[in-house]
Amino acid sequence: MSDKTSKIQDPGVGVQYEHETKRIINPDGSFNVKRIGTANFVRDAYHWLITINWLPFITVIGSVIVATNVIYAFLYMACGVEHITGVFKTNSLWDEFVQAFFFSVQTFTTVGYGAMSPQSHAISLIASLEAFNGLLLSAFSTGILYGRFSRPISKIVFSKNALLTKFKDTDKDCLQFRVTNSRANTLLNLEASVYVSIQKKQTDTNGNEIFRRQFYDISLERSNIMFMPLSWTIVHMIDEKSPLYNLTLDDLIHQNGEILIVLKGFDETFGQDTYTYHSYFATDFVEGRRFVRNFHVDESGDIILSVKDIHLTDILPSKEEKK
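Just so you know, we're using the working numbering here: the sequence shown kicks off at 55 and counts up by one.
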């Protein structure tokens, strides 16, 4: 076990603030920072589209495609749907819109069944623009889809809580949390870096109250493993060298204590290193419990891992119960 536990400089999230701040890293792994005045909307939009969940992504792309076809349908109606072969002018605007919309869809996707075709220069010009627009939007959507599938993302699951508990069957205090891979692929050479952030109220030279964070690089009972087919319980021993020594859970909550975690591993599926970020705020700490093993061996000798049981804990047994 490494005995490295030292105070470090600002890791990149700021040290001094005018007001008390929230947690640094959100439970989903994103940094708790709201950006304004970004330089390039197009690049930011691309990054947003490849990182959002699938349901919002499908909703956004689908809405753009439908909205584009609706706009072109109105343009066809403005030029007169009677100039489109197979589309008949009626007394119902809704019927004309539906026919123009389906003609727009066929033009947009370049399907062209042959039943409908432009019969005027105006309609032909709009159809040409839409076909070009459709090709660009299709290429853009394909690029976004490729970016989403090709981006190496590890699906590391962290236990819901970090435990302030005893180390195995000893009386030594420790902080521990558990991780596992929710995918069936193999992660190699996993390395964990864990930091502690403690926020304290101070007074500057002008007599103003400020909030200052102190960061510590804490030692781990084991900071790396070769591969992780099961779960991995990461442990920090709370001894005299630990920044958590003699701090109660109430102290950590009062000082907005936070554990910052960076996991690095080689993903054999993508052939690249992947990084995962997570944090436990002081309110996520639980005392007097231990993790329940989330795997077992069946009668045929296979090891069965339950990913959803990574969060399970039970009460730490008393000394009498251990005996």
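We put the CB at the ideal spot given by N, CA and C, even for glycine.
Please read these numbers as outputs of a predicted model, since none were measured by experiment.
Judged by beta-carbon spacing, Y270 lies beyond the 8 Å limit of Y299, meaning their Cβ atoms are not closer than that value. If you check the CB distance, F339 and A216 come in under 8 Å.
The Cβ atoms of T240 and V361 do not sit closer than 8 Å to each other. The C-alpha of L190 is placed about 22 Å away from the C-alpha of I106. In the structure shown, V351 adopts extended strand secondary structure according to DSSP, grouped into three states.
Its chain contains E263, F265 as the residues whose beta carbon lies nearer than 7 Å to that of K255, once the 5 sequence neighbours on both sides are disregarded; these appear in chain order.
Among the bridge pairs identified by DSSP, C133 is matched with none. Taking 8 Å as the cut-off, the beta carbon of S158 is found closer than this to the beta carbon of Y130. Here the stretch 182 to 202 makes no contact with the stretch 307 to 318; the two share fewer than three CB pairs at distances below 8 Å.
Look at R202 here: in three-state DSSP terms it is helix. Inter-residue distance for T302 and K226 is about 15 Å (C-alpha atoms, whole angstroms). Per DSSP, reduced to three states, the secondary structure at V141 is coil, with no helix or strand assignment. Segment contact: the stretch 320 to 331 against the stretch 201 to 215, three or more CB-CB distances shorter than 8 Å; contact assigned.
Under the 8 Å Cβ criterion, the stretch 110 to 120 does not count as touching the stretch 138 to 146, having fewer than three qualifying pairs. Contact check for A127 against F155 passes: the beta carbons are separated by less than 8 Å. In this structure, I119 and I177 do not form a Cβ contact; the two beta carbons are roughly 21 Å apart against a cut-off of 8 Å. Beyond the five residues adjoining it in sequence on each side, Q230 comes within less than 6 Å, by CB distance, of L217, T287, V289 in the same chain, given in chain order.
Of all alpha-carbon atoms in T224, F186, Q70, the one lying nearest the alpha-carbon of T257 is that of Q70. Here the C-alpha atom of S251 lies approximately 13 Å from the C-alpha atom of S296.
Checking the DSSP bridge columns, you'll see W286 partnered with V233.
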